[in-house]
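Take a look at the structure below.
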Amino acid sequence: MSAAPNRRPFDAGRAAYLALNALLLAFLLLPIAIVLVFALNPTPYISFPPVGVSLRWFEKFFGSAEFMNALWLSLWVASVVLVLSIVIGAACALALARGNLPGRAVMTAFFMSPLMVPAILTGLALFQAYLLSGIGRPVWGLIAAHTLVAVPYVIRTTLAVLHNFDRRIEEAAAVLGASPTRVFFEVTLPLIRPGVFAGGVFAFIVSFDQFPVSLFLVVPKGETLPVVLFNYMKFDLDGAIAAASMVSILLALSVVLVLERLIGLKAYVKL
Amino acid sequence: MTSAAIKLDQVTKTFDGRVMAVDAVTLDIAAGEFFSLLGPSGCGKTTSLRMIAGFEHPDSGRVHVGGKDITDLPVHRRDMGMVFQSYALFPHRTVAENVAFGLRMREVPRPEIERRVAAALAQVALTGFESRKPGQLSGGQQQRVALARALVVEPPVLLCDEPLGALDRKLRQQMQFELKELQKRLGVTLVFVTHDQEEALAMSDRIAVMNGGKVEQVGTPTEIYERPRTRFVADFIGEINILEGGGPLRALRPEKIRLVAPDGARLAGTVETANYLGGSTLLRVQPTTGPSMLVRETHAGERASRTPGDAVGLTWNDSDAVALES
Ligand SMILES: Nc1ncnc2c1ncn2[C@@H]1O[C@H](COP(=O)(O)OP(=O)(O)O)[C@@H](O)[C@H]1O
Ligand SMILES: [Mg+2]
Chain A
20 MSAAPNRRPF DAGRAAYLAL NALLLAFLLL PIAIVLVFAL NPTPYISFPP VGVSLRWFEK
80 FFGSAEFMNA LWLSLWVASV VLVLSIVIGA ACALALARGN LPGRAVMTAF FMSPLMVPAI
140 LTGLALFQAY LLSGIGRPVW GLIAAHTLVA VPYVIRTTLA VLHNFDRRIE EAAAVLGASP
200 TRVFFEVTLP LIRPGVFAGG VFAFIVSFDQ FPVSLFLVVP KGETLPVVLF NYMKFDLDGA
260 IAAASMVSIL LALSVVLVLE RLIGLKAYVK L
Chain B
6 MTSAAIKLDQ VTKTFDGRVM AVDAVTLDIA AGEFFSLLGP SGCGKTTSLR MIAGFEHPDS
66 GRVHVGGKDI TDLPVHRRDM GMVFQSYALF PHRTVAENVA FGLRMREVPR PEIERRVAAA
126 LAQVALTGFE SRKPGQLSGG QQQRVALARA LVVEPPVLLC DEPLGALDRK LRQQMQFELK
186 ELQKRLGVTL VFVTHDQEEA LAMSDRIAVM NGGKVEQVGT PTEIYERPRT RFVADFIGEI
246 NILEGGGPLR ALRPEKIRLV APDGARLAGT VETANYLGGS TLLRVQPTTG PSMLVRETHA
306 GERASRTPGD AVGLTWNDSD AVALES
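Read top to bottom, the protein sequences are chains A and B.
Under the numbering used here, the residues of the first sequence are numbered 20 to 290, in order.
Under the numbering used here, the residues of the second sequence are numbered 6 to 331, in order.
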């Protein structure tokens with residue numbers, strides 16, 4: 020006769036841990052839920068309980084040329100920033116981790132710590148610098164500014180991977196006949212790629228959501244989505260704002276999912 | 006497979022201008038030899054090996070392989086095989102891709118790569134594991150992949166840095182046999198780094214015992230064990246009794262001592278502890294005067310007969326007590 024299966028004894032600590040997790044998750048997701056309710060609500064003000072479901076605010080958002088121009092500008096600026104930041108950030112991280120630079124310990128500590136300069140100061144400083152040097156406010160100036168703010172994120176995630184990197188793996192490739200260049204492309208790059216792309220996701224979102232820096236550097240008719248939304252909110256506070264927020268959230272989410280599909284961000288978590 | 010002789014000529018390496026990792030080491034390793042660098046942690050074994058591989062450049066002295074001075078040749082042009090203690094497999098590549106890597110770097114045609122990878126994997130009994138990733142293999146299997154990856158390019162020289170260090174005892178012993186057998190069959194010159202004296206004695210044609218960056222003694226396992234030249238070598242390899250009194254120190258192995266009746270023996274004393282080791286028992290005997298002695302009692306027939314408290318006599322042949330250099 021087989022014995023009755025053992026029941027797992029009740030574990031109060033584990034139950035408390037799960038409850039806390041659920042609570043924190045709810046705390047993080049609640050604002051998004053509220054925005055979603057607001058976006059689907061037919062009335063132009065928040066009402067609870069919702070009086071119905073409608074897509075009119077989404078229609079208004081997608082139907083507005085001003086919103087659409089801003090969305091496209093934001094999207095392609097963020098895409099260029101993504102590419103620039105992963106190239107520059109990965110190169111900087113490699114130089115910091117591998118190069119024999121003076122003061123690299125200080126610089127590494129600086130980039131690894133939470134970034135301290137408020138973005139609004141960065142925006143103001145760049146605005147004045149552009150003005151004084153007669154550059155004006157071209158789109159590439161905006162892209163350069165976003166890249167400046169986004170690069171440290173890539174440096175940070177790449178440094179984290181490089182920190183755990185077993186250099187014997189590169190040495191193994193070298194003994195097997197790989198020149199330094201081949202070692203880099205065959206071994207180093209594939210192994211740091213998850214860290215670089217994880218930073219790239221941050222870079223994209225930092226640019227796409229960027230408000231304080233953009234505020235100083237956009238020109239009329241060439242405003243990014245967060246700036247347009249801000250200006251819109253000064254006069255109207257209706258569901259179009261909520262619809263725009265939902266679209267932003269979904270776009271950011273899809274960038275994460277696409278990168279996860281392409282290169283597997285999970286690998287980065289495991290490292 | 007071709008094999009090459011290795012010669013280290015007065016090779017010295019310091020780190021940060023202070024740590025003398027390798028101090029004027031001269032070694033002559035014959036082609037096809039299984040040669041071990043043996044010594045405690047930090048004695049400079051890895052640094053010596055890394056200078057042969059080309060990862061470290063000696064401060065002074067030259068490295069020759071196959072009669073050529075390769076001191077200034079970069080790593081990737083040295084045509085060597087190396088197995089690391091951590092295996093250092095490419096985690097993002099399959100087993101087959103790992104093994105194929107060196108052939109790919111040598112621009113071997115694709116069909117030949119496939120044939121040689123299959124043969125190399127068969128050689129280490131890993132046929133069928135081609136498409137696994139290293140993370141899906143056990144330690145012993147990863148070890149074998151590392152070996153196949155190094156040997157598939159048929160290097161004249163194979164360097165191994167404590168390659169069996171991470172394996173458990175049983176597997177380790179099995180791999181010792183396999184590695185030794187493979188090395189003899191291929192005829193490759195193998196430089197093997199280990200801090201495990203049993204492993205070095207079991208596998209090597211010759212051993213260099215290192216201490217503090219210097220080579221203390223080079224010899225066959227029998228020479229190293231039976232005729233240690235310095236106190237350090239005598240102490241480091243196996244158990245030893247150091248005899249003092251008149252002239253140089255002498256080293257006497259516990260199994261060279263015979264247990265006899267206390268009357269008329271060279272030394273009379275009492276058994277203090279008896280450690281049963283299976284095939285033998287290691288006794289610590291406290292003589293009436295002088296330091297305690299280790300005595301190995303082997304069990305050909307029945308098992309241990311002496312127990313703590315027994316009065317015993319010790320005797321040995323003078324020729325078994327080896328004079329040490331001071
Ligand atoms: N890259 C390095 N930088 C500084 N010191 C090192 C380096 N590599 C080895 N050493 C030092 O050199 C000595 C010999 O090291 P190593 O050759 O690794 O010894 P072993 O392999 O015999 O344990 C040790 O004191 C070690 O701390
Ligand atoms: Mg070592």
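From the three backbone atoms N, C-alpha and C, an ideal C-beta is built for every residue, glycine too.
Assumed close pair residue i, residue j - CB separation to whole angstroms, cut-off 8 Å
i	j	result
residue 118 of chain B	residue 131 of chain B	In fact, because the Cβ distance is near 16 Å, the residues do not count as touching under 8 Å.
residue 218 of chain B	residue 58 of chain B	About 18 Å separates the two Cβ atoms, so there is no contact after all.
residue 245 of chain A	residue 139 of chain A	Their Cβ separation, rounded to whole angstroms, is 13 Å, which puts residue 245 of chain A and residue 139 of chain A out of contact at 8 Å.
residue 164 of chain B	residue 196 of chain B	5 Å
residue 209 of chain B	residue 89 of chain B	Contact flag wrong, Cβ pair sits at about 20 Å.
residue 260 of chain B	residue 303 of chain B	7 Å
residue 317 of chain B	residue 257 of chain B	About 16 Å; that fails the 8 Å criterion.
residue 122 of chain B	residue 101 of chain B	5 Å
residue 271 of chain B	residue 321 of chain B	7 Å
Bridge-paired residues (DSSP) for residue i
i	result
residue 165 of chain A	Partner(s): none; residue 165 of chain A has no beta bridge.
residue 246 of chain B	B/257
residue 298 of chain B	B/290
residue 165 of chain B	B/88 and B/197
residue 330 of chain B	B/235
residue 194 of chain A	Its beta-bridge partners do not exist; DSSP assigns none.
residue 12 of chain B	B/33 and B/69
residue 214 of chain B	B/43 and B/222
Limits of the unbroken alpha helix (DSSP H) element including residue i
i	result
residue 207 of chain A	Neither: residue 207 of chain A is in no alpha helix (DSSP H) and is coded neither H nor E.
residue 233 of chain A	231-236
residue 277 of chain B	Here residue 277 of chain B belongs to no alpha helix (DSSP H); instead the beta strand (DSSP E) covers 272-281.
residue 152 of chain B	144-156
residue 98 of chain A	84-117
residue 141 of chain A	138-151
residue 22 of chain A	Taken as a continuous stretch (DSSP letters only), residue 22 of chain A belongs to no alpha helix (DSSP H), as it is neither H nor E.
residue 58 of chain B	50-58
residue 109 of chain B	100-110
residue 206 of chain B	202-208
residue 201 of chain A	199-202
Backbone secondary structure at residue i - three-state DSSP
i	result
residue 92 of chain B	coil
residue 215 of chain A	helix
residue 39 of chain B	strand
residue 289 of chain A	Confidence at residue 289 of chain A is low in this model, with a pLDDT of 42, below 50, so its placement is unreliable and the value that follows should be read with caution. The answer is helix: DSSP assigns residue 289 of chain A an H, G or I state.
residue 83 of chain B	coil
residue 20 of chain B	strand
residue 32 of chain A	helix
residue 28 of chain B	strand
residue 5 of chain B	Examination of residue 5 of chain B is not possible in this model, given that chain B is present from 6 through 331 alone.
residue 219 of chain B	strand
residue 226 of chain A	helix
residue 243 of chain A	coil
residue 7 of chain B	coil
residue 72 of chain A	coil
residue 320 of chain B	strand
residue 172 of chain B	coil
residue 154 of chain A	coil
residue 62 of chain A	coil
residue 271 of chain A	helix
Extent of the continuous beta strand (DSSP E) to which residue i belongs
i	result
residue 228 of chain B	Segment 226-231 is the alpha helix (DSSP H) holding residue 228 of chain B; no beta strand (DSSP E) there.
residue 70 of chain B	65-70
residue 125 of chain B	No beta strand (DSSP E) holds residue 125 of chain B; the alpha helix (DSSP H) holding it covers 115-128.
residue 27 of chain A	That residue, residue 27 of chain A, is in no beta strand (DSSP E); it is neither H nor E in DSSP.
residue 120 of chain A	Element bounds for residue 120 of chain A: n/a, residue is neither H nor E.
residue 263 of chain B	263-265
Cβ-heavy atom distance, residue i to ligand 3, below 7 Å
i	result
residue 198 of chain B	No copy of ligand 3 occurs in the structure displayed; its ligands are ligand 1 and ligand 2 alone.
Below 8 Å, can you find three or more Cβ-Cβ pairs linking the region 128-145 of chain B to the region 65-76 of chain B?
no
The region 184-196 of chain A / the region 79-88 of chain B touching (three or more Cβ pairs under 8 Å)
yes
Counting pairs of Cβ atoms below 8 Å between the region 132-151 of chain A and the region 198-215 of chain A, do you hit three or more?
no
Contact between the region 273-280 of chain B and the region 291-300 of chain B (3+ Cβ pairs under 8 Å):
yes
Evaluate contact between the region 146-162 of chain A and the region 65-83 of chain A, counting only Cβ atoms and requiring at least three cross-stretch pairs below 8 Å.
no
When you compare the region 170-178 of chain A with the region 216-227 of chain A, are there three or more beta-carbon pairs, one atom per stretch, that lie closer than 8 Å?
yes
The region 160-179 of chain B / the region 121-135 of chain B touching (three or more Cβ pairs under 8 Å):
no
Would you call the region 255-274 of chain A and the region 48-56 of chain B in contact, with 3 or more CB pairs under 8 Å?
no
Would the region 258-266 of chain A count as touching the region 51-61 of chain A if we require 3 or more Cβ pairs under 8 Å?
yes
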